[in-house]
Amino acid sequence: MNSVIIGLGGALPKKCILNSELPESLDTSDEWIMQRTGIRQRYVAEEDETTSSLAVEASRKAMSMANVSPDDIDLIVVATASGDYTFPSTATVVQRELVVKNAAAFDISAVCSGFIYALDVADSRLKLGKSKCALVIGAETFSRLLDWNDRSTCVLFGDGAGAVVLRGENSDKGILSSLIYSDGTNVEHLKTSGGVSTTKTIGYVLMNGKEVFRAAIEKFNESLQALLSLNNMTIEDIDLLVPHQANVRIIEKLIASSGIEREKVLITIDKHANTSAASIPLAMSELGTGIFTKKNVVLLSMGAGFTWGATLVRF
Ligand code: ACO
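Printed below as a string of structure tokens:
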């Protein structure tokens, strides 16, 4: 039994902020942001937009492409670090909005690696026959976790959501490999300044940018090589590589060290900035049904914790 992706969709908030539209008080520039990160703009949720509303919009598109109804879905997993509430899970809010009556629904917290982790959990349940059709979503309103006076973090992130529908099928397509890792000794390098059990606030993003940058390159390379070796594949066998979109310079270094052709690497950071758990499915959704023309698709992630991982999907 394989977990086959049969639909995907993305959603962005209405409001788009160009680098040049950031407040003057931030003391930054379009030139600095473009050169150091590759980010041109980001979408930022307005009052009436939430992580769940973006997740629901992306899910509706994915379900429509997959031609499945709410009654077909028996598992909803939302990867997010910016859920609607401390509890219940955003997945249960999505379940209510989509009127999915017979499903287990829960959130996963692995920050930027959340979608890869969520795929891994859904894939395991589908392979075991414990679920039949899963909605796996990465959704964030990270803008609400930012200190908008800190130019070293606030220019980097954006809001959005991406969703896929996975169905358990006897097929040679689907998720062929899924690797997830973490190393908690790096917790301090990227975290929020508070939380429910520490400061009783949500906190805002604190980041040791240089260390995250270094580790992202290392972990991308490690997990890519592990995935290739596990599947007896070479870099030439990959038709599409979708890395987490944190900084175009991290992606450029991955291209250089792995030797993958640039045209095979999906880059959306210029348009979306870093949307954390949403970054990979949102980027994939940009291709629409075009993704079904790619055979071997590799997803790579790295995020706070640190957490990281890689997925091989055959379409
Ligand atoms: N505009 C203008 N100047 C800035 C800005 C800004 N937005 N931000 C920082 N600077 C300044 C700094 O103050 C510093 O000035 P100084 O030399 O006078 O002290 C100078 O630019 C250089 O700063 P560095 O931090 O050395 O810049 P660097 O080239 O390392 O780029 C960056 C910083 C973009 C944050 C980079 O380190 C990076 O991308 N790191 C990884 C970030 C990342 O991937 N985060 C997400 C992880 S995934 C997750 O789980 C959320």
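Counting from 1, position 197 in the sequence shown corresponds to residue 182 in this note's numbering; the numbering is continuous, with no gaps.
Ideal Cβ positions, reconstructed from N, Cα and C, are used throughout, including at glycine.
In this text the structure is predicted, and so the values were computed from the model without any measurement.
Which class does residue i belong to by DSSP, given the choice of helix, strand or coil?
i, result
"Phe127", "helix"
"Ile245", "coil"
"Gln80", "helix"
"Ala95", "coil"
"Arg25", "coil"
"Pro55", "helix"
"Trp133", "coil"
"Asn217", "coil"
"Gly147", "strand"
"Leu225", "strand"
"Lys166", "Residue identity check: residue 166 is Tyr in the sequence provided, not Lys. Correct three-state label for Tyr166: strand."
"Lys115", "coil"
"Val190", "strand"
"Ser10", "helix"
"Asn259", "strand"
"Phe100", "helix"
"Val181", "coil"
"Val85", "coil"
"Phe205", "helix"
"Ala30", "coil"
"Ala64", "strand"
Could you work out which residue in the options is closest to residue i when comparing CA atoms only?
i, options, result
"Leu3", "Ser182, Glu237, Gly(-6) and Arg27", "Arg27"
"Arg199", "Met287, Pro73 and Ser270", "Met287"
"Ser178", "Ala263, Ser167, Asn193 and Asp168", "Asn193"
"Ser94", "Ala66, Val79, Ala107 and Cys118", "Ala66"
"Asp33", "Asp108, Lys117 and Pro(-2)", "Pro(-2)"
"Leu164", "Thr170, Ser208, Asn87 and Asp135", "Ser208"
"Ala43", "Lys117, Asp144 and Ser(-12)", "Asp144"
"Met19", "His257, Pro266 and Thr278", "His257"
"Thr278", "Gln230, Val298, Val233 and Trp293", "Val298"
"Ser162", "Thr253, Glu6 and Leu212", "Leu212"
"Ala124", "Gly23, Glu31, Leu113 and Asp69", "Asp69"
"Asn281", "Leu225, Pro266 and Lys238", "Leu225"
"Trp293", "Asp168, Lys249 and Val283", "Asp168"
"His229", "Ala268, Ser182, Glu6 and Leu130", "Ala268"
"Leu120", "Phe300, Ser214 and Lys46", "Lys46"
"Thr126", "Ser10, Cys1 and Thr35", "Thr35"
Can you determine whether any heavy atom of the ligand ACO sits closer than 6 Å to the C-beta of residue i, and answer yes or no?
i, result
"Lys195", "yes"
"Ser261", "yes"
"Ser137", "yes"
"Gly288", "yes"
"Trp17", "yes"
"Val282", "no"
"Val96", "yes"
Round the Cβ separation of residue i and residue j to the nearest angstrom and send it over; I've been treating them as touching at under 8 Å.
i, j, result
"Gly319", "Ser242", "Since the displayed the chain opens at -14 and closes at 300, residue 319 lies outside it and no answer follows."
When you compare the segment 42 to 61 with the segment 143 to 160, are there three or more beta-carbon pairs, one atom per stretch, that lie closer than 8 Å? yes
Examine the Cβ distances between the segment 260 to 273 and the segment 80 to 97 and report whether three or more of them are shorter than 8 Å. yes
Is the number of C-beta pairs between the segment 210 to 227 and the segment -14 to -7 that are closer than 8 Å three or more? Taking a cut-off of 8 Å on C-beta distances, the segment 210 to 227 does not touch the segment -14 to -7, as fewer than three cross pairs fall below it.
With a threshold of 8 Å, are at least 3 pairs of Cβ atoms found where one atom belongs to the segment 6 to 19 and the other to the segment 126 to 141? Taking a cut-off of 8 Å for Cβ pairs, the segment 6 to 19 and the segment 126 to 141 touch, as three or more such pairs fall below it.
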